Amino acid sequence: MDEVRKGIFVETKTHGCNPAYVITSDGVVVIDTPQLPTKAVKMYEEAKAHGAIKYIINTELHIDHIFGNYYFQDVEHIISHQATFDGFMVPDPGFDPFDYAHDAIPRSDPEGEKLFPSREDYFANPHKPDITIDGDATLRVGNKTFQLIHTPGHTPGQLAVVIPEDKIAFVGDTLFHGCQTWLHASNVDQWLESLDKLLDLDVDIIVPGHGPVCNKQEIYVQRAFLMEWVSTIAVAVGKGWSKEKCFKEISFLDRFPVDIGQEYMGETVTRNNINSLYDKLTVKMPVMKKL
Ligand SMILES: [Zn+2]
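Quick note: the sequence shown uses this note's numbering, first residue 1, plus one each step.
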């Protein structure tokens, strides 16, 4: 893991989100847990070597941010937004998050097979959040302040974590840096408003949900990409294109790769994004606000 500020470690080069841990004068705070079992166990041990792990903060409900909680069983407190708790490992029609987590093992973490729980063992204790918030909140641990800011858009329960003492923000999947943006569970109007909130932050370092650590300039790039996606589908709807025609004609895969370990999923991301936007843009205006 990379030490991006003194005592602040981030993993950006593995399959899944960018999990992090922060050493305070009174223990360690983990921000998102690794999806892959061997990475989760390694981070757990590494973090614990610096003191007791006091809290885990889950910034959202997608499995690459929460599945690793299972490997942090003795951490007493896990914090998330209520919406993240409500959707924690809940299947969607045609999508089972547990199977999706297992599916990554042979490709990205073969060693992790022996650490991967049975479905029964996992659901006996997935280690869900025990503290949930509905808006913003502030957590103080030792010498550090963790401002939890509700930034819905990518998912409804999205949180950004700001440590003002270090002028750093962990913004989760509100920012995909240098890789494809996943819109499948999104409300883009809210997302654009949340990006505005991030622009107001007094920070020098932004840790995105995916891709390398960056600064606030990348927020403008993310904003442009979201707007481009929306306007592209809006134009297609205006031309009377069917969803099938959009699937055939529209792709932004020449722009960015999909994040590490998921390179093969380009077409899936594209289809999911078109699906998500097309359904919203074929109803009356103001369209995006309706979700
Ligand atoms: Zn996500």
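Cβ atoms here follow ideal geometry from the backbone N, Cα and C, with glycine treated the same way.
Treat the numbers as computed from the prediction; the structure is a model and nothing was measured.
Assuming residue i contacts residue j (C-beta within less than 8 Å), just tell me the rounded distance between them.
i    : j    : result
E60  : H154 : 7 Å
L226 : L192 : 6 Å
H102 : F116 : 6 Å
G16  : P37  : Not a contact, Cβ separation roughly 11 Å.
I105 : G112 : 5 Å
T145 : E165 : 6 Å
Q180 : V258 : 5 Å
S194 : Q158 : 7 Å
I8   : V28  : Not really, about 11 Å apart at Cβ, beyond 8 Å.
V4   : I205 : 6 Å
K13  : I260 : 6 Å
G178 : P212 : 6 Å
V162 : L201 : 6 Å
For residue i, verify whether its CB is less than 6 Å away from any heavy atom of ligand 1.
i    : result
E60  : yes
D173 : yes
In or out: residue i buried (at least 16 other Cβ within 10 Å) or exposed?
i    : result
D32  : buried
L199 : exposed
V283 : exposed
Q217 : exposed
K167 : exposed
N143 : exposed
Y71  : buried
A124 : exposed
N69  : buried
K290 : Confidence at K290 is low in this model, with a pLDDT of 45, below 50, so the placement of that residue should be treated as unreliable; the coordinate-derived value is given next. Counting Cβ neighbours within 10 Å, K290 comes out exposed, since fewer than 16 surround it.
K280 : buried
S25  : exposed
D189 : buried
V269 : buried
Q222 : buried
N273 : buried
Q73  : exposed
S186 : buried
D64  : buried
N215 : exposed
S118 : exposed
P97  : buried
V208 : Sequence inspection shows Pro at residue 208; the Val mentioned does not correspond to that position. P208 comes out buried.
Y55  : buried
V90  : exposed
P19  : buried
Y278 : buried
At a threshold of 6 Å, does residue i count as lining ligand 2 (C-beta to nearest heavy atom)?
i    : result
H102 : Among the ligands modelled here, namely ligand 1, ligand 2 does not occur.
(message) Measuring CB atoms only, is the region 77-95 touching the region 144-159, in the sense that at least three cross pairs come out at less than 8 Å?
(response) yes
(message) Does the contact criterion of 3 or more C-beta pairs under 8 Å hold for the region 165-180 versus the region 126-139?
(response) no
(message) Does the contact criterion of 3 or more C-beta pairs under 8 Å hold for the region 231-240 versus the region 33-48?
(response) no
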